[in-house]
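Asker: Sharing a structure here in structure tokens format.
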Amino acid sequence: MSDYPSIVDRFEIEALRGEFTDAAMMRDPDRLASLFTEDGVWRIPHVMEFVGRERIRAGSKRLQSQWDFFVQTTHPGTIRLEGDTAVGRAYISELARLLDGRSGLNYAVYHDRYRRTEDGWKFAERVYEIKYLDTAPLSGSPKIDSLE
Numbered sequence: 001m002s003d004y005p006s007i008v009d010r011f012e013i014e015a016l017r018g019e020f021t022d023a024a025m026m027r028d029p030d031r032l033a034s035l036f037t038e039d040g041v042w043r044i045p046h047v048m049e050f051v052g053r054e055r056i057r058a059g060s061k062r063l064q065s066q067w068d069f070f071v072q073t074t075h076p077g078t079i080r081l082e083g084d085t086a087v088g089r090a091y092i093s094e095l096a097r098l099l100d101g102r103s104g105l106n107y108a109v110y111h112d113r114y115r116r117t118e119d120g121w122k123f124a125e126r127v128y129e130i131k132y133l134d135t136a137p138l139s140g141s142p143k144i145d146s147l148e
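Number 114 in UniProt numbering belongs to position 114 of the sequence shown; there are no gaps in the numbering.
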């Protein structure tokens with residue numbers, strides 16, 4: 001890991017994971033889809049599976065249209081480089097309330113496969129594994145009327 005090219009690859013993959021979180025929170029399905037290879041897969045087992053950029057874009061747009069608010073943080077995990085591919089894990093915490101009033105707090109792991117492309121590192125696959133889920137109603141609010 002001390003050679004310069006692998007440090008750059010790791011940095012670029014970590015930036016890719018950050019871009020995913022930012023695209024989700026900023027409700028930018030086009031950017032989110034662009035982070036995947038053309039044949040990329042985004043999967044939450046037993047919930048959803050989107051294959052290919054167009055389905056990832058449409059699925060992201062559908063999911064985001066249901067949110068009152070959504071906050072995701074990504075914590076560094078592992079990255080194992082294998083030439084022009086890599087595998088890794090990113091640790092996730094999320095807080096969300098849907099427009100229908102349902103809410104959730106969860107902690108999860110993304111199991112990732114990455115591929116180097118001419119446009120840089122992309123997700124070949126992201127598989128979401130929930131480690132903890134709390135669906136109790138949230139007592140907070142996304143809006144701050146006054147701090148007094």
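Positions of the beta carbon are idealized from the N, C-alpha and C atoms, including for glycine. Because the structure is a prediction, the values reported are computed rather than measured.
What separation, rounded to the nearest whole angstrom, lies between the Cα atoms of residue 31 and residue 23?
Answerer: Start at 1 with the first residue of the sequence shown, and residue 31 comes out as number 31. Start at 1 with the first residue of the sequence shown, and residue 23 comes out as number 23. Near 6 Å, if we compare the C-alpha coordinates of residue 23 and residue 31.
Asker: When the distance is taken between beta carbons, is residue 92 closer than 8 Å to residue 71?
Answerer: Here residue 71 corresponds to residue number 71 of the sequence shown, with the count starting at 1. Here residue 92 corresponds to residue number 92 of the sequence shown, with the count starting at 1. Not in contact: residue 71 and residue 92 (Cβ atoms no closer than 8 Å).
Asker: Return the chain-ordered list of same chain residues with a C-beta closer than 8 Å to the C-beta of residue 90, the five sequence neighbours on each side being excluded.
Answerer: One-based indexing of the sequence shown puts residue 90 at position 90. For residue 90, where only same-chain residues beyond five positions count, the Cβ hits under 8 Å are 17, 74, 75, 76, 77, 109, 110 and 112.
Asker: Quick one: what does DSSP say residue 29 is sitting in, helix, strand or coil?
Answerer: Looking up residue 29 in the sequence shown gives position 29. Three-state DSSP puts residue 29 in a helix.
Asker: Is it buried or exposed for residue 60, if we count other Cβ within 10 angstroms and need 16 for buried?
Answerer: Against the sequence shown, residue 60 aligns to sequence position 60. When all chains shown are included, residue 60 counts as buried.
Asker: Could you tell me which residues DSSP pairs with residue 110 in its beta bridges?
Answerer: By 1-based counting over the sequence shown, the position of residue 110 is 110. For residue 110, which the question treats as bridged, DSSP gives the partners 90 and 128.
Asker: Using the rule of at least 16 other Cβ atoms within 10 Å of the residue's Cβ for burial, across every protein chain shown, is residue 144 buried or exposed?
Answerer: By 1-based counting over the sequence shown, the position of residue 144 is 144. Under this definition residue 144 is an exposed residue.
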